[in-house]
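Just below is one structure, and these are the notes that go with it.
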Amino acid sequence: MERAELLAQPMRVLLQEHPVLVSLLEERGIHCGECFIADRETLAGVARMHAVDLDEILNEWAHREALPHSD
Numbered sequence: 246m247e248r249a250e251l252l253a254q255p256m257r258v259l260l261q262e263h264p265v266l267v268s269l270l271e272e273r274g275i276h277c278g279e280c281f282i283a284d285r286e287t288l289a290g291v292a293r294m295h296a297v298d299l300d301e302i303l304n305e306w307a308h309r310e311a312l313p314h315s316d
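Right, dumping it as structure tokens:
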């Protein structure tokens, strides 16, 4: 999915489709899965709201999803 498409998705959708993002955000104290606004807020909005660098989040997310998963 392209960056613009990712940034247009509500957080609830991103979190359901990308569990890696859940842990990445929780490590920064951001618990979107518990938040009522996750149905309407985007990742860009979350980054602004929590004063985190959006590019840093996107880069780390891409890096983690590219890593092989150990089961």
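So in the numbering used here, the last spot in the sequence shown is 316, and the numbers never skip. A virtual CB, placed ideally from N, CA and C, is assigned to each residue, including glycine.
Each of Ala311, Leu270, Met294 was checked against the Cα of isoleucine 302, and the nearest Cα belongs to Leu270.
Proline 255 is positioned such that its CB atom lies no closer than 8 Å to that of aspartate 300. For proline 264, the enclosing alpha helix (DSSP H) stretches over residues 264-271. In this structure, DSSP gives arginine 257 a helical state, which the three-state scheme calls helix. In the three-state scheme derived from DSSP, where H, G and I count as helix and E and B as strand, glutamate 305 is classed as helix.
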